[in-house]
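Okay, structure first, notes after.
Number of protein chains: 2
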Amino acid sequence: MKLNKNSRILIVGLGLIGGSYAMALAKKGFNVTAISKEQSSIDYATEKGIISEGFTDVNRDVVASAEMIIFALYPHIFLQWIKEYGNYISSGTVITDVTGVKCAVIDEINSMLPKGVEFISAHPMAGREVYGVENADDRIFHDANFIIVPTRDNTPGAIEKCKELGEILGFKKISYLNPVQHDEMIAFLSQLTHCIAVSLMCANGDPNLVNYTGDSFRDLTRIANINEEMWSELFLMNKKALLYEMDCYRACFDKLYNAISVDDEDTIKDMMRLSTARRKMFNKDGKPK
Amino acid sequence: MKLNKNSRILIVGLGLIGGSYAMALAKKGFNVTAISKEQSSIDYATEKGIISEGFTDVNRDVVASAEMIIFALYPHIFLQWIKEYGNYISSGTVITDVTGVKCAVIDEINSMLPKGVEFISAHPMAGREVYGVENADDRIFHDANFIIVPTRDNTPGAIEKCKELGEILGFKKISYLNPVQHDEMIAFLSQLTHCIAVSLMCANGDPNLVNYTGDSFRDLTRIANINEEMWSELFLMNKKALLYEMDCYRACFDKLYNAISVDDEDTIKDMMRLSTARRKMFNKDGKPK
Chain G
0 MKLNKNSRIL IVGLGLIGGS YAMALAKKGF NVTAISKEQS SIDYATEKGI ISEGFTDVNR
60 DVVASAEMII FALYPHIFLQ WIKEYGNYIS SGTVITDVTG VKCAVIDEIN SMLPKGVEFI
120 SAHPMAGREV YGVENADDRI FHDANFIIVP TRDNTPGAIE KCKELGEILG FKKISYLNPV
180 QHDEMIAFLS QLTHCIAVSL MCANGDPNLV NYTGDSFRDL TRIANINEEM WSELFLMNKK
240 ALLYEMDCYR ACFDKLYNAI SVDDEDTIKD MMRLSTARRK MFNKDGKPK
Chain A
0 MKLNKNSRIL IVGLGLIGGS YAMALAKKGF NVTAISKEQS SIDYATEKGI ISEGFTDVNR
60 DVVASAEMII FALYPHIFLQ WIKEYGNYIS SGTVITDVTG VKCAVIDEIN SMLPKGVEFI
120 SAHPMAGREV YGVENADDRI FHDANFIIVP TRDNTPGAIE KCKELGEILG FKKISYLNPV
180 QHDEMIAFLS QLTHCIAVSL MCANGDPNLV NYTGDSFRDL TRIANINEEM WSELFLMNKK
240 ALLYEMDCYR ACFDKLYNAI SVDDEDTIKD MMRLSTARRK MFNKDGKPK
């Protein structure tokens, strides 16, 4: 079950990620069609040659003739779209997504799909702090992780097809997690980090700080520039796992706070040593960055 | 009162920062001498041409003949050094430092200095997650802030000399803060961020996380690779200001936690909007990085 360059790959949603998918696929010679609510996004993508055609309305023939459909939408819009137009999708079609939460999405999508349509969920762990197809850039995938999130309903063929997609997009590493594992992981690595950055920025409004800052503060708060529509949705759709990770983190923060307040140098140093040892595992190519 | 290229600048402590100071000064043609406890650091720096001579012992003549002395030591070692050898310093000499906390250091240093020796404190807001003169690189200053921390005891001449030093080192921006302002600022921008990164790394020990991570987690935890000797000392010497900033931050974190737990989307979005607006002020050259 190989992705066929002559058949149609349909991308629904032409933002930063949908656009970057289209760019990578087009570069490899695939025939990419897009559906986007914005005519300007379609015009831009057509002009740049990253899609062969695009539509602002949901055309039944376009949907029905796709070999693979990639949904690059906010979670609630993805759910709404399938509810409204899912029956346009032909039996035998494989659909996938880029959604940042899985438990709240996969079962509901599956319950609405027509028989013979298979949903294999995936999460490209790549992004930027800018939005829209105008900022699309498939190079964001080259150093990034692609996570495939199969359930017991998925067939080996569809999982393989999704893996092939990850390879075509140029991801550095492709991994597999089940939906629960995915949501726990994402709660810690992504959602909690965004909660931290937002809280930190909210904690101090001194406009002079920029004159004194070093790069560590900039690095830590890069993600504090955040799309509130998308992220509030992701947080609430993964509430249980996120609150759990927030609790664990806060317990460590409080431990450090208490150690500082009673001059418990041993505990402070122990935490720093543990932190240093663990952080080394995240170095890229062994380099401390 | 201009720094004289023919007179001796003495750097005490030849680690990453002391070494990078020496490198920048040598490139501009200054005559740099160093005192370091490690012969290997002196050998390296001499070989690289970033110092003209170096000593592992504290030679009274070397100290007495310096026009300016820069202390690049851990705070407690700086205090100890001045206690032991401060009387070697000649009247008329200006001394400065690179210490990351100020209130706990400046008054105590001043109380120990011989008459006629002036201490003008400074904080180069630059660093790396590596240590030692072997990693010295004066380019770390080029995009960074240099903060001069005068007290009412300082003369305009010494402040000017310190500013000149910041310019020679190649800092992008030179600012002035009093010791209390400095310590509050550093508690928020630097110490709190290190507390956050350390707590985050301590909160989860799953060795598989590296396979799924994106760059935002890497950026946020870069500083979790931390020198526990230096940082535990900095934390405890600035305890009051740091605990205050930790309190403010935790209040925001708790507010976000509570909003998520009761599905209060408005509060979540308000915090994200505030965070985004504030973070934009920290963009470099208007770029979202």
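Protein sequence lines, in the order shown, are assigned to chains G and A. Counting along the first sequence from 1, when you hit position 218 you're at 217 in numbering that gives the first Met the number 0, and nothing is skipped either side. Counting along the second sequence from 1, when you hit position 266 you're at 265 in numbering that gives the first Met the number 0, and nothing is skipped either side. For every residue, glycine included, the Cβ atom is placed at its ideal position computed from N, Cα and C.
In the DSSP assignment, glycine 53/G falls within the unbroken beta strand (DSSP E) covering 52 to 54.
Under the Cβ distance rule, isoleucine 146/A counts among the residues neighbouring chain G, one pair being separated by less than 8 angstroms. Here leucine 9/A carries a strand assignment [DSSP, helix/strand/coil]. Residues of the region 197 to 209 of chain G that bring their beta carbon within less than 9 angstroms of a beta carbon in chain A comprise Val197, Ser198, Leu199, Met200, Cys201, Ala202, Asn203, Gly204, Asp205, Pro206, Asn207, Leu208 and Val209, in sequence order. Using a CB distance cut-off of 8 angstroms, tyrosine 20/G does not count as an interface residue toward chain A. At the C-beta level, methionine 124/A and asparagine 153/A stay beyond 8 angstroms of one another.
At a cut-off of 8 angstroms between beta carbons, threonine 32/G makes no contact with chain A.
When the beta-carbon positions are compared, valine 31/A and serine 51/A come within less than 8 angstroms of each other. Think of a sphere of 8 angstroms around the beta carbon of glycine 213/A: the chain G residues whose beta carbon falls inside it are Met124, Ala125, Gly126, Ala143, Asn144, Leu188 and Ser189, in chain order. According to the DSSP assignment, tyrosine 243/G belongs to the alpha helix (DSSP H) that extends over 238 to 260.
By the Cβ test, the region 157 to 166 of chain G is not in contact with the region 232 to 246 of chain A, since fewer than three Cβ pairs between them sit closer than 8 angstroms. Taking 8 angstroms as the CB threshold, glutamate 264/A lines the interface with chain G. Considering only Ser89/A, Cys251/A and Ile146/A, the residue with the shortest C-alpha distance to asparagine 203/G is Cys251/A.
When DSSP reads this structure, alanine 121/A sits in a beta bridge with Ile147/A.
The beta carbon of tyrosine 87/G sits no closer than 8 angstroms to any beta carbon of chain A.
The beta carbons of isoleucine 16/A and alanine 71/A sit about 5 angstroms from each other, so the pair counts as a contact at 8 angstroms. When DSSP states are grouped into helix, strand and coil, lysine 26/G belongs to the helix group.
Against chain G, the beta carbon of arginine 249/A has neighbours under 9 angstroms at Ser198, Ala202, Arg249, Phe252, Asp253 and Tyr256, listed in chain order.
Inclusion of aspartate 182/G and cysteine 102/G in the CB contact set at 8 angstroms is warranted, their separation being smaller than that value.
With a threshold of 8 angstroms between beta carbons, glutamate 227/A makes contact with chain G. Here threonine 192/G has Ile222 as same chain residues with Cβ atoms under 7 angstroms from its own Cβ, once five neighbours each way along the sequence are excluded. In summary, no residue of the region 87 to 110 of chain A has a CB separated from any CB of chain G by less than 9 angstroms. For tyrosine 130/G, the secondary structure class from DSSP, reduced to helix, strand or coil, is coil. Between methionine 271/G and the set Val97/A, Ile195/A, Pro155/A and Asp218/A, the nearest pair of CA atoms involves Ile195/A.
When 7 angstroms is used as the limit between beta carbons, isoleucine 267/A is near these residues of chain G: Ser231 and Phe234, in chain order.
Rounded to whole angstroms, serine 64/A and threonine 92/A show a C-alpha spacing of 9 angstroms. Fully contained in the region 55 to 125 of chain G are the following alpha helix (DSSP H) runs of length 4 or more, in chain order: 59 to 63, 74 to 84 and 102 to 111.
For the options Thr220/G, Tyr130/G and Ser120/G, the alpha carbon positioned closest to that of valine 179/G is the one of Ser120/G. Classified as buried, arginine 278/A has 16 or more neighbouring CB atoms from the shown chains inside 10 Å of its CB. The beta carbons of phenylalanine 140/G and glycine 99/G sit no closer together than 8 angstroms. Within 10 angstroms of the beta-carbon of alanine 157/A lie 16 or more other beta-carbons, which makes it buried.
The continuous alpha helix (DSSP H) containing tyrosine 43/G extends over residues 38 to 46.
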